[in-house]
Amino acid sequence: MTCYLAITPRDPIIARDGRPFGRGQGVRMRSLDWPLPSVLAGSLRTLLGKQTPSGFCPETVEKLKSLAIAGPLPVVNGRLYLPIPADLVVRARGHGEEACLAARPSELRSGEGCDLPAPSLRPVLLPLADKDEDFKPARVDGFLSIEKTVEWLRSGKGEGLSLEWNWEKGPPRLVLPDGLNALDKDERVHVHIDPHRGAASESELFISVGVDCNLAGGRARHHEVIEVAARVSHDEPFKQQLDQLDHLHPFGGERRLVRWKRTEDLAEAWSCPKELADLLATASKVRLVLATPAIFADGWKPRWLQSTDHGLIGTVPNTSVRLRLIAVSSSRWQPVSGWSLERGRVGPKPIWRLVPSGAVYF
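What follows is the structure, encoded as structure tokens:
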């Protein structure tokens with residue numbers, strides 16, 4: 000069974016990165032731009048476990064781990080947003096000459112070589128017409144609407160997307176129209192409370208930084224917020240809890256509260272757009288874009304892609320579709336760790352390397 004959740008933040012979301020924070024390590028908490036899937040999965044499993052009469056017994060823990068949870072993705076007024084694909088390169092000359100360029104797999108010419116992790120992989124480069132001009136790609140943060148993402152995926156040459164300047168806050172920055180700008184950060188100064196005296200401790204201040212999900216600026220309406228969308232595939236044990244889910248419960252660090260609510264309004268937003276499905280039915284070349292960061296058994300690639308004499312080939316899980324990997328466009332790996340509260344395993348979790356969201360597999 001599949002259900003859809005709308006998660007409405009009451010407070011800014013604490014989504015820390017992996018840098019040290021705590022007594023003797025650092026007094027400023029650093030924040031990610033968007034929560035990781037492990038934050039969503041851990042918070043939801045904790046919520047469901049608390050509602051289970053048997054509590055967190057070993058059987059319940061195993062059932063909670065079997066839940067397949069997709070997300071988190073930002074959603075505004077029922078409209079889903081996705082990370083900007085890594086094959087989208089922005090050239091900013093100024094004077095209205097900004098452009099979105101499409102990086103594509105390229106053949107190596109005579110005398111050229113590279114040290115990619117597999118000999119069959121090609122480098123991902125800009126087309127020849129754009130490589131002659133030396134420029135530093137501009138940084139564009141935020142998310143693309145699902146409609147613009149489909150438009151980008153349908154265009155083999157990356158046509159159709161434009162850019163504009165945002166002047167609402169601070170220095171001007173490039174944004175993608177019909178997109179969601181990078182979320183603001185909420186910074187707060189706290190004091191340490193001595194548990195014995197119930198008063199503030201001397202010289203023990205610390206700073207928390209959270210992701211502010213309140214939309215600001217001219218495009219926002221009164222009290223408009225960015226919600227977090229999730230999809231849960233579950234079996235019978237948690238059907239009743241998920242069917243009736245409408246609770247306030249912490250999400251992320253510092254016990255910041257959100258409202259967890261089941262909704263069918265997001266079912267269509269999670270479905271594959273028809274125009275994209277029609278193209279996939281007859282396509283011989285496809286791009287796979289990660290909507291959220293991923294942990295793969297083989298590091299930078301999923302294990303179902305196996306090395307053969309003809310390259311990296313495999314069958315997509317739960318389908319009969321066989322694919323051959325040609326190239327990969329991705330930024331550097333993203334670390335994730337945490338603190339385990341599981342019985343018998345309390346303590347720091349090992350650091351994992353994530354393939355970042357937006358990575359493109361050709």
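Just so you know, numbering that gives the first Met the number 0 puts the end of the sequence shown at 361, numbered straight through with nothing missing. All C-beta atoms, glycine included, are put in the ideal place defined by N, C-alpha and C.
What span of residues does the alpha helix (DSSP H) with residue i cover, start to end?
i    : result
A268 : 266 to 269
S37  : 36 to 49
W381 : Past the edges of the chain, shown from 0 to 361, lies residue 381, and the structure says nothing about it.
E201 : Looking at the DSSP string, E201 is not in any alpha helix (DSSP H); the run it does join, the beta strand (DSSP E), is 198 to 210.
D277 : 273 to 281
Could you tell me which residues DSSP puts in a beta bridge with residue i?
i    : result
A67  : S232
E226 : V74
N180 : The partner list for N180 (beta bridge, DSSP) is empty, contrary to what the question assumes.
F295 : G298
D185 : G209
S356 : None, per the DSSP bridge assignment.
I6   : V227, W259
I12  : V210
F142 : P82, L179
T1   : S232
R27  : I206
D193 : A198
S53  : None; S53 has no bridge partner.
G157 : Bridge partners of G157: none, in fact.
K338 : Before going further, note that residue 338 is Trp rather than Lys in the sequence given. DSSP, once it has assigned bridges, lists P347 as partnering W338.
V288 : V359
P104 : V123
Note the first and the last residue of the continuous beta strand (DSSP E) segment covering residue i.
i    : result
A362 : Within the shown structure, residues of the chain are numbered from 0 to 361, placing residue 362 beyond reach of any answer.
L241 : No beta strand (DSSP E) contains L241, which is instead part of the alpha helix (DSSP H) from 238 to 242.
H246 : 245 to 249
R90  : 87 to 90
Among the options, whose alpha-carbon lies nearest the alpha-carbon of residue i?
i    : options                : result
P71  : I325, V60, E150, L4    : L4
L124 : S329, Q305, I6         : S329
D32  : V60, T148, D185, E106  : D185
V74  : L182, H195, P194       : L182
V89  : L81, F134, S105        : F134
E362 : P126, K348, G141, L175 : This structure gives no information on residue 362, because the portion of the chain shown stretches from 0 to 361.
R187 : W351, M28, E146, Y360  : M28
S319 : Q239, I294, A280       : A280
L340 : T7, N317, G41          : G41
D140 : L81, P126, H233        : L81
G346 : G357, G337, L353       : G337
E223 : N76, L247, I350, R344  : N76
C212 : F250, D177, D264       : F250
S232 : A67, S37, W332, T59    : A67
S144 : D177, K348, T51, D234  : D177
I294 : G54, T262, V335, S306  : V335
I206 : N180, W351, R22, C2    : R22
S356 : W299, Q243, F55        : W299
R331 : V354, R121, P52        : V354
S283 : R254, L322, L247       : L322
P136 : R121, A98, E146        : A98
R362 : P272, R302, S53        : Examination of residue 362 is not possible in this model, given that the chain is present from 0 through 361 alone.
E248 : K147, K260, D297, P194 : Correcting the residue identity first, residue 248 is His in this sequence and not Glu. Checked all of K147, K260, D297, P194; the closest Cα to H248 is K260.
E263 : K62, Q243, Y360, E203  : Q243
T1   : R258, Q239, L256       : Q239
A14  : V26, F20, S30          : S30
P34  : Q333, R342, G343       : Q333
D234 : P301, R108, K64        : K64
L256 : K62, G209, L120        : G209
Any beta carbon of chain D sitting closer than 8 Å to that of residue i?
i    : result
R230 : Reference to chain D is not applicable here, since this structure consists of a single protein chain.
Three or more C-beta pairs below 8 Å linking the segment 277 to 293 and the segment 67 to 86: yes
Validate contact between the segment 106 to 115 and the segment 42 to 52 using beta carbons, cut 8 Å, 3 pairs: no
Cβ contact (3+ pairs, closer than 8 Å) linking the segment 313 to 332 and the segment 263 to 272: no
Runs of beta strand (DSSP E) lying entirely within the segment 304 to 336, each at least 3 residues, in chain order: 305 to 307, 310 to 314, 321 to 324, 333 to 335
The segment 197 to 209 touching the segment 143 to 162, judged by at least three CB pairs closer than 8 Å: Not touching, per the Cβ criterion.
The segment 311 to 324 / the segment 96 to 111 touching (three or more Cβ pairs under 8 Å): Contact fails between the segment 311 to 324 and the segment 96 to 111, because fewer than three Cβ pairs, one in each stretch, are under 8 Å apart.
Inter-stretch contact (C-beta, 8 Å, three-pair minimum) for the segment 224 to 240 and the segment 6 to 16: yes
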